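Following the working numbering, the numbering of the sequence shown begins with 1 at its first residue and continues without gaps.
Glycine included, every Cβ here is placed at the ideal spot set by N, Cα and C.
As the structure is a computational prediction, the values presented were derived from the model and not from experiment.
Working notes for the structure below.
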Amino acid sequence: MPSPYRAIFGPPGTKSFSAAGLLGRMPLSMLGIGVVTMVSQLTGRYGLAGALSATLALSAALFGPQISRLVDRYGQRPVLRPATLVSVAAVAGLLISAQQRWADWTLFVFAAGAGCVPSVGSMIRARWAELYRGSPRELHTAYSWESIVDECCFIFGPILSIGLCTVWFPESGPLLAAVFLVAGVFWLTAQRATEPVPHPREQHAKGSALRSRGLQVLVATFVSTGAIFGAIDVVTVAFAEEEGHKGAASLVLAVYALGSCLAGAVFGLLHLKGHPSRRWVVGLCVMAASMVPLQLVGSLPLLAVALFVAGLSVAPTMVTTMALVEEHVPRAKLTEGMTWTSTGLAVGVALGSSAAGWVVDAAGAGRGYLVPCVAGVLAAVVALAGYRRLRPGAAGARPTATTIAERGGPASQDEHPDGERVS
């Protein structure tokens, strides 16, 4: 492990909560694609599979910020454990209803309940932010590390989920995802020493963190970004099936995540100058451009190469997003703010997977890659249109340790590096 990454794990408890976060985030890459694979295996209906995946993502988008808002007020342990149990119970109902061939509406009811899942990634990043507040380099490396963990989930998660569904029995992928969720959340919440202390009630201003104009831009752009991810998942499974190797879809998706993982690892070693909003816009434009080659692939090996290249822009963009969230969201609402970006992704995944499912059913998998291409263009357009809200000095932004370090120190003697006024 390169020295910057080794350094962030110096404080006690950091390795344990990051490992717990790895387990708890595995369902992020396993559950949706597992449901798609399970339903397509049982019914052969990609439209239904995509719609169920969309329902799951939309439900997570609805419940996720509310769960994180409660976490900011009451702490991680009292909120995350009950929410996890509700989600796992709904997953169990979904698997039973699918296996027993119950009416379609029952599948949607349980899929909606399964969305009551905490944003484990936001919980881990909140712990890093609490630990390294005022240390921009260490926090940048920590966020990059968590992006690597995210991509590891997306490398191995689809392989496990699709592989189990196709080789063992159709419901096994989502089932294992539920087991990972329970294990990760309960292990994480057992670690009280590194848990951020809930902020006093008087520090919680009325309204949502989404009132921040900068956060609105990030979330709106991430809806389109999520559509890229959701569409690629569904279309790749269908493309692999048309090629006669459905199980290979997990390997191709793993290559996509591998590209992002490698880029995130390198990005964490860099100490780039300039405001992160510029890097964020560039990253989204590159991500949009990387969708074009997908329209030209005609085989699984070529698809893997194209997705690997496309993945190189993902992790750096996600890391930069977390830095912008920290700048534009009040500290007392940081977990909620981070979850709103995940919510934007979830909404986008829902829209992308649903649209891709219908396009695949109507025109075949080859045409399905038009969906992530259109989504990428929309993401770039929204990012460029909203860039003013994210620039240095934009209304609602607060000076973080990163921005203060870039300008050479506090503007006045009573300004603290984390943006608070002190006497």
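Listed in chain order, the non-local C-beta contacts of residue 294 below 6 Å within the same chain comprise 306 and 369, local neighbours out to five positions each way being set aside. Apart from the 5 residues on each side of it in sequence, residue 141 sits with its Cβ closer than 7 Å to the Cβ of 4, 5, 8 and 268 in its chain, given in chain order. Between the alpha carbons of residue 118 and residue 170 lies a distance of about 25 Å. Around the C-beta of residue 128, 16 or more other C-beta atoms lie within 10 Å, and the residue is accordingly described as buried. Here residue 105 is exposed, its C-beta having fewer than 16 other C-beta atoms within 10 Å. Between the stretch 51 to 60 and the stretch 343 to 356 there are three or more inter-stretch CB-CB distances shorter than 8 Å, so the stretches are counted as touching.
In the three-state reduction of the DSSP assignment, residue 344 falls in the helix class, which pools H, G and I. Residue 193 and residue 301 have their C-alpha atoms some 47 Å from each other. Check the Cα spacing between residue 151 and each of 160, 384, 254 and 61: the tightest is with 254. Here residue 113 carries a helix assignment [DSSP, helix/strand/coil]. Boundaries cannot be given for residue 171, as no alpha helix (DSSP H) includes it and DSSP labels it neither H nor E. About 20 Å separates the Cβ atoms of residue 197 and residue 18, ruling out a contact at the 8 Å cut-off. Between the stretch 76 to 95 and the stretch 373 to 384, the count of C-beta pairs closer than 8 Å stays below three; the two stretches do not touch. With contact defined as three or more Cβ pairs closer than 8 Å, the stretch 334 to 344 and the stretch 210 to 217 are in contact. The stretch 63 to 73 and the stretch 237 to 252 do not touch, with fewer than three beta-carbon pairs separated by less than 8 Å.
In this structure, residue 252 sits away from residue 218, with a CB-CB distance that is not shorter than 8 Å. Listed in chain order, the non-local C-beta contacts of residue 188 below 8 Å within the same chain comprise 17, 20, 21, 24, 76, 80, 120, 123 and 124, local neighbours out to five positions each way being set aside. Secondary structure of residue 291 (DSSP, three-state): coil. By the Cβ criterion, the stretch 27 to 40 is in contact with the stretch 155 to 166, since at least three pairs of Cβ atoms, one from each stretch, lie closer than 8 Å. Separation of the CB atoms of residue 324 and residue 270 is rounded to 17 Å, and the pair is thereby denied contact status at 8 Å. Counting C-beta pairs closer than 8 Å gives three or more between the stretch 357 to 372 and the stretch 222 to 236, which meets the contact rule. Counting C-beta atoms within 10 angstroms of its own C-beta, residue 316 has 16 or more neighbours from the protein chains shown and is therefore classed as buried.
A distance below 6 Å between beta-carbons, with the five flanking residues on each side excluded, links residue 47 to the following residues of its chain, in chain order: 357, 358 and 361. Where residue 39 is concerned, the enclosing alpha helix (DSSP H) starts and stops at 14 to 43. Going by beta carbons, residue 375 and residue 227 fall inside the 8 Å limit.
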